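Everything below concerns the one structure shown next.
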Amino acid sequence: MKNHILPAIKMTLISLVIFSGAYPLLMWGIAQVTSPNKGKVELVQNNGKVVGGAIVGQAFTSNRYFWGRPSAADYNAAGSAGSNKGPSNPDYLVVVQTRIDTFAMDNAIAQTSNIPADAVTASGSGLDPHLSKQAALLQISRISKARNVEEATLRRLIDEYTQGALFGLFGPKDYVNVLELNIALDNL
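The opening residue of the sequence shown carries number -15 in the working numbering; numbering runs sequentially from there.
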């Protein structure tokens, strides 16, 4: 038994040092050297006023704006979390179905199967600032009516703010930062 306990304790201590100390320090050091803001949040400004953070989603509820991805944390960065409910949880299914019905009704979508998952499900952190290009395109009609702006203008705006996967491999193929898109929408 002693042959098993001592190696397990040693491995636990080594793992604790590596994963609780060395690895976080290494990542912090890399962020200090490589990121533009030394690993700190990038604040987004509009007309000299801070309007949000580039990596934290916000709640947009007006018909005049693109709506972002739903949040399980109510967009509270201090309480970042998913719902922890699986896809077979009845409560979760009711929440998602309500979101689908609301999104379809507000955006005049007849086929709910055309609604992408990211428009009605929260991300793991509940703070995702991005939305798929497809979900943004489905909102054009609603925003066009609310702002009295041509739909073609809104399509061009979405195309201009569409980003691709990192190195063409990591992340979604086509997505937009909702805050940046809404700021551009206000500046039209």
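Yeah, the Cβ is synthetic: ideal placement off N, Cα and C, and Gly gets one too. Computed from a prediction, not measured in an experiment: that's the story for all the values here.
DSSP, reduced to helix, strand and coil, places Gly63 within a helical segment of the structure shown.
Secondary structure of Gly5 (DSSP, three-state): helix.
For Lys157, the enclosing beta strand (DSSP E) starts and ends at 154 to 161.
When Cβ pairs closer than 8 Å are counted between the two stretches, the stretch 97 to 111 is seen to touch the stretch 52 to 61, the count reaching three or more. The C-beta distance from Leu111 to Ala61 rounds to 6 Å, short enough to fall under 8 Å. In the structure shown, Leu141 adopts helical secondary structure according to DSSP, grouped into three states.
Your pair Leu172 and Ala120 does not check out as a contact, with CB atoms roughly 15 Å apart and the cut at 8 Å. Between Ser(-1) and Gln42, the alpha-carbon positions lie close to 37 Å from each other. If you draw a 10 Å sphere on the C-beta of Asp102, you find 16 or more other C-beta atoms in it, and that means buried. If the five residues before and after Tyr49 are omitted, its C-beta is found closer than 6 Å to the C-beta atoms of Asn166, all from its own chain and listed in chain order. Taking the Cβ atoms as the reference, Gln123 lies roughly 6 Å from Asn91, within the contact range of under 8 Å. Taking the Cα positions, Gly155 is about 10 Å away from Gln147. Closest in C-alpha terms to Ala130, from the list Gly36, Met(-15), Thr18, Ser46, comes Ser46.
Around the beta carbon of Ile127, 16 or more other beta carbons sit within 10 angstroms, so the residue counts as buried.
Taking a contact as a CB-CB distance under 8 Å, the pair Val25 and Ile39 counts as one, their CB atoms being some 6 Å apart. DSSP, reduced to helix, strand and coil, places Ser97 within a helical segment of the structure shown.
Counted as a single uninterrupted DSSP element, the stretch harbouring Ser116 is not any alpha helix (DSSP H) but the beta strand (DSSP E) occupying residues 114 to 116.
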